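If you're matching them up, the sequences are chains A and B in order. Going by this note's numbering, the first residue of the first sequence is number 2, and it counts up by one from there. Going by this note's numbering, the first residue of the second sequence is number -17, and it counts up by one from there. C-beta: ideal position from N, C-alpha, C; glycine also. Note that the structure is a prediction, hence the values are computed from the model and not measured. Take a look at the structure set out below.
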Amino acid sequence: MSTLSLTSAFSLLLKRDLVLAYRRRAELVNPMLFFVLVTAMFPLGIGNDAKLIEAVGPGVIWVAALLAALLSLDSMFRSDYDDGSLEQFMLSAHPVSILVLAKILAHWLVTGLPLFIVAPLLAVLLNIPASAIPTLMLTLILGTPVLSLIGSVGVALTVGLRRGGVILSLLVLPLFVPVLIFATDAVKTAIVGIPTTAQLSILSAMLVGSLVLAPMATAASLRISLS
Amino acid sequence: MIIRFFHQMGSPRYFYNVAGKMIPWFMVGFLITLVLGLYNGLFVAPPDYQQGESYRIIYIHVPAAWMSMFIYVVMAVSGLISLVWRIKMTEIIVISSATVGASFTFLALATGSLWGKPMWGTWWVWDARLTSELLLLFLYLGIIALHSAIEDKRVAARAVSILALVGVVNIPVIHYSVEWWNTLHQPATITKFDKPSMDMSMLIPLLTMAISFKLYYGAVVLMRARAEIVERERNSRWVQELVEEEAK
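Written out as structure tokens, the structure is:
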């Protein structure tokens, strides 16, 4: 059993989670549908004013992305907690933080990446000029992994609770604020036509920082939730 | 000797007794500094040349805002200690501080808003400080909600400790991002209340109030910690003896 190396444990866990997600394809579409629906509600609520829709567009897309990420977070450890496989991960010889990272990566591929794919469509719906769409895509690919990483700490703390959903949003949303600020600002700056290197660099820094710190915090939280 | 003191403070029973002796001192100090600070602040200190009398709310507002950050740091430090060394007493300090910290944060927000109405002409602006203070309140509320949701209180204390640590790492990030967001989206039309120098007659009452609030926090956190100890240790002999003595 000890012959299993860390890299193969990582890839096996990643593959297992992806297969499990693929078996439940209907659930795969849900975060994406939610993202599209929430975004479509905003113009209906605001009114048919092209200028106004364009002005709030980046914010609307990102707030919808936050909510979609929040909605899908709860499933990150839920089924593994219910069937006991989470306890087996804890008992394995490999560092839990690396295994957790595999689960976070799988979760992001299943829920974060689809948002990235539909985003251009929504940008067109919200009158965001085509020149700013690449920046929007960049902020999403840099920002949504941060949401999954930070969110994983919150999920790990609430996984043992019966009604963790509301508490999860209270724990996690304030921590999402920096991503929201810099991502929407990058898109708004791109619409005006000013270079966005500063915002994108800071988003990348957040990604690297949370990539290093979040798995450790998540592993520690899971140990507490399972104790 | 100091090390021995800390060892003894780690024992709930010893802590309970020492805290019981310390609370009256904290309360007396709090009341004296409160009366002194309020009297000097509200009656003795001269009115501000620009803001007139309304500036006097800072004698509550600024110490409360300081406390809101101070208490969070206390929580994070004791959270770290309880995660690393598994000391029961620091766990209790984390929990006991959360509600007090949330109250001070709310007080800072409410007084700031009351001051903003006559000064800025509005109850609320999305100013960098107000926004980060609001987010701090949410962090406190998250900690309280998580603690009340987990039934096993020792597990809850450790979960809350982790959350406090994650929060303390994030607070600078949140603060600077809010500041960046603010400078980009809102031109600095509002002259904020941070003059570099303050007259001594205004500064001394302010510092008195800050000490007063710290003493209040000390008294309340010890009271809450004692209550928490008695609840946690209710099956131990010394608590039962204590209850029997009280009943006599």
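The alpha helix (DSSP H) with residue i in it runs from where to where?
{"i": "D186 (chain A)", "result": "165 to 193"}
{"i": "Y37 (chain B)", "result": "First-last for Y37 (chain B): undefined, no H or E at that position."}
{"i": "H108 (chain A)", "result": "97 to 108"}
{"i": "N31 (chain A)", "result": "26 to 47"}
{"i": "A207 (chain B)", "result": "182 to 214"}
{"i": "N(-1) (chain B)", "result": "-6 to 21"}
{"i": "R224 (chain A)", "result": "198 to 227"}
{"i": "Y104 (chain B)", "result": "A small fix is needed here, since residue 104 (chain B) is Thr in this sequence, not Tyr. Unbroken run through T104 (chain B): none, as it is neither H nor E."}
{"i": "G155 (chain A)", "result": "134 to 159"}
{"i": "R68 (chain B)", "result": "Run containing R68 (chain B): none; DSSP gives neither H nor E here."}
{"i": "I129 (chain A)", "result": "Taken as a continuous stretch (DSSP letters only), I129 (chain A) belongs to no alpha helix (DSSP H), as it is neither H nor E."}
{"i": "D84 (chain A)", "result": "76 to 84"}
{"i": "E223 (chain B)", "result": "219 to 229"}
{"i": "I132 (chain B)", "result": "It is not in any alpha helix (DSSP H) - I132 (chain B) carries neither H nor E in the DSSP assignment."}
What separation, rounded to the nearest whole angstrom, lies between the Cα atoms of residue i and residue j?
{"i": "S80 (chain A)", "j": "T4 (chain A)", "result": "27 Å"}
{"i": "L137 (chain A)", "j": "A80 (chain B)", "result": "38 Å"}
{"i": "V202 (chain B)", "j": "K196 (chain B)", "result": "10 Å"}
{"i": "V147 (chain A)", "j": "Y41 (chain B)", "result": "40 Å"}
{"i": "R(-14) (chain B)", "j": "V0 (chain B)", "result": "14 Å"}
{"i": "G85 (chain A)", "j": "M91 (chain A)", "result": "10 Å"}
{"i": "T171 (chain B)", "j": "E213 (chain B)", "result": "Low confidence applies to T171 (chain B): its pLDDT is 43, below 50, so where it sits in the model is not reliable enough to give any reading."}
{"i": "Y21 (chain B)", "j": "M4 (chain B)", "result": "26 Å"}
{"i": "S132 (chain A)", "j": "S202 (chain A)", "result": "19 Å"}
{"i": "L15 (chain A)", "j": "I144 (chain B)", "result": "26 Å"}
{"i": "L176 (chain A)", "j": "E226 (chain B)", "result": "48 Å"}
{"i": "G23 (chain B)", "j": "E73 (chain B)", "result": "37 Å"}
{"i": "V122 (chain A)", "j": "S78 (chain B)", "result": "Sequence inspection shows Leu at residue 122 (chain A); the Val mentioned does not correspond to that position. Straight-line Cα distance between these residues: approximately 49 Å."}
{"i": "S312 (chain B)", "j": "A90 (chain B)", "result": "This structure gives no information on residue 312 (chain B), because the portion of chain B shown stretches from -17 to 230."}
{"i": "V61 (chain A)", "j": "V160 (chain B)", "result": "18 Å"}
{"i": "R224 (chain A)", "j": "V101 (chain A)", "result": "12 Å"}
{"i": "L172 (chain A)", "j": "L118 (chain B)", "result": "11 Å"}
{"i": "V57 (chain A)", "j": "A141 (chain B)", "result": "37 Å"}
{"i": "V188 (chain A)", "j": "T87 (chain B)", "result": "33 Å"}
{"i": "P169 (chain B)", "j": "L116 (chain B)", "result": "Note that P169 (chain B) scores a pLDDT of 46, beneath 50, so its modelled location is shaky and nothing firm can be said."}
{"i": "F11 (chain A)", "j": "I99 (chain A)", "result": "7 Å"}
Comparing the C-beta of residue i with each C-beta of chain B, is any distance below 8 Å?
{"i": "D81 (chain A)", "result": "no"}
{"i": "V193 (chain A)", "result": "no"}
{"i": "S222 (chain A)", "result": "yes"}
{"i": "L183 (chain A)", "result": "At residue 183 (chain A) the sequence reads Phe, which differs from the Leu that was named. With 8 Å as the cut-off, F183 (chain A) counts as an interface residue toward chain B."}
{"i": "L139 (chain A)", "result": "no"}
{"i": "D186 (chain A)", "result": "yes"}
{"i": "I225 (chain A)", "result": "yes"}
{"i": "I168 (chain A)", "result": "yes"}
{"i": "L204 (chain A)", "result": "no"}
{"i": "S76 (chain A)", "result": "no"}
{"i": "V61 (chain A)", "result": "no"}
{"i": "V154 (chain A)", "result": "yes"}
{"i": "S98 (chain A)", "result": "no"}
{"i": "V30 (chain A)", "result": "no"}
{"i": "V178 (chain A)", "result": "yes"}
{"i": "P146 (chain A)", "result": "no"}
{"i": "P175 (chain A)", "result": "yes"}
{"i": "S228 (chain A)", "result": "yes"}
{"i": "L67 (chain A)", "result": "no"}
Please confirm if residue i has its CB atom under 8 Å from at least one CB of chain A.
{"i": "I296 (chain B)", "result": "As displayed, chain B neither begins before -17 nor continues past 230, which places residue 296 (chain B) out of reach and without an answer."}
{"i": "W162 (chain B)", "result": "yes"}
{"i": "I156 (chain B)", "result": "yes"}
{"i": "S159 (chain B)", "result": "yes"}
Closer than 7 Å by C-beta to residue i: which residues in its own chain qualify, once you throw out the five before and the five after it? Chain order, please.
{"i": "V193 (chain A)", "result": "none"}
{"i": "F36 (chain A)", "result": "A65, A66, A69, L116, V119"}
{"i": "G11 (chain B)", "result": "L197"}
{"i": "L150 (chain A)", "result": "I105, S211, L212, A215"}
{"i": "K174 (chain B)", "result": "With a pLDDT of 46 at K174 (chain B), under the threshold of 50, the predicted position of this residue should be treated as unreliable, though the coordinate-derived value follows. Once the five neighbours on either side are set aside, K174 (chain B) has no close Cβ partner at all."}
{"i": "D83 (chain A)", "result": "none"}
{"i": "M184 (chain B)", "result": "A27"}
Output needed for residue i: all residues of its chain with C-beta closer than 6 Å, excluding positions within five of it in sequence on either side, in chain order.
{"i": "L169 (chain A)", "result": "G155, T159"}
{"i": "L19 (chain A)", "result": "A107"}
{"i": "E35 (chain B)", "result": "P29"}
{"i": "G149 (chain B)", "result": "L121"}
{"i": "A51 (chain A)", "result": "N128"}
{"i": "I126 (chain B)", "result": "A80"}
{"i": "N164 (chain B)", "result": "A110"}
{"i": "T15 (chain B)", "result": "T190, I193, S194"}
Output needed for residue i: all residues of its chain with C-beta closer than 8 Å, excluding positions within five of it in sequence on either side, in chain order.
{"i": "P45 (chain B)", "result": "L188, M191, A192, S194, F195"}
I'd like to know whether the C-beta of residue i is nearer than 8 Å to at least one C-beta of chain E.
{"i": "L72 (chain A)", "result": "In the structure shown, chain E cannot be found, because the protein chains are A and B."}
Checklist line | Selection of the region 115 to 130 of chain B by Cβ proximity to chain A, strictly under 7 Å | finding: Those residues of the region 115 to 130 of chain B placed with their C-beta closer than 7 Å to a C-beta in chain A are L117, F120, L121, L123, G124, A127, L128, ordered along the chain.
Next item on the list: Taking a Cβ distance cut-off of 9 Å, strictly less, list which residues of the region 207 to 222 of chain A are near chain B, in chain order.
Entry: M207, G210, L214, A215, A218, A221, S222
Next item on the list: Using a Cβ-Cβ cut-off of less than 8 Å, give me the residues of the region 136 to 156 of chain B that come near chain A, in sequence order.
Entry: V137, R140, A141, I144, L145, L147, V148, G149, V151, N152, V155, I156
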